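Below is one structure, written out as structure tokens; comments come after it.
In our numbering, the protein residues as written are 18 to 93.
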């Protein structure tokens, strides 16, 4: 079973925050909910892509290090 999603999460250092399943634009003057369904869908897709990239990087970092091709060049 996976952990429940956070109640509030900023999207990749942007002024966009997901709060309780709804996107908000956040600025110094306050917050405005995203009301355009197309824009909200694009934000969902972008958030999914960022999460997939984060998982891929974590998987790469978890692998044991292998010698690079350049460091083994010329050795037999």
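Beta carbons: idealized from backbone N, C-alpha and C, even for Gly.
Remember, predicted model here, so these are calculated numbers, not experimental data.
(Q) Does residue 77 pass the burial test, meaning 16 or more other C-beta atoms within 10 Å, or should it be called exposed? (A) As a working mapping, residue 77 is identified with position 60 in the chain shown. Label assigned to residue 77: exposed.
Q: Measuring alpha carbon to alpha carbon, tell me which of 34, 25 and 83 ends up nearest residue 57.
A: Looking up residue 57 in the chain shown gives position 40. When only C-alpha atoms are compared, the closest one is 34.
Q | Which listed residue (74, 46 and 27) has its alpha carbon closest to that of residue 39 | A | Sequence index remark: in the chain shown, residue 39 carries index 22 (1-based). Comparing Cα-Cα distances from residue 39 to each of 74, 46 and 27, the minimum goes to 27.
**Q.** Cα-Cα separation, residue 62 to residue 68
**A.** On the chain shown, residue 62 is found 45 positions in, with the first residue counted as 1. On the chain shown, residue 68 is found 51 positions in, with the first residue counted as 1. Their backbone Cα atoms lie some 10 Å apart in a straight line.
(Q) Measuring straight from C-alpha to C-alpha, what distance separates residue 50 and residue 59? (A) Taking the chain shown and counting its residues from 1, one reaches residue 50 at position 33. Taking the chain shown and counting its residues from 1, one reaches residue 59 at position 42. Their Cα atoms are separated by approximately 15 Å.
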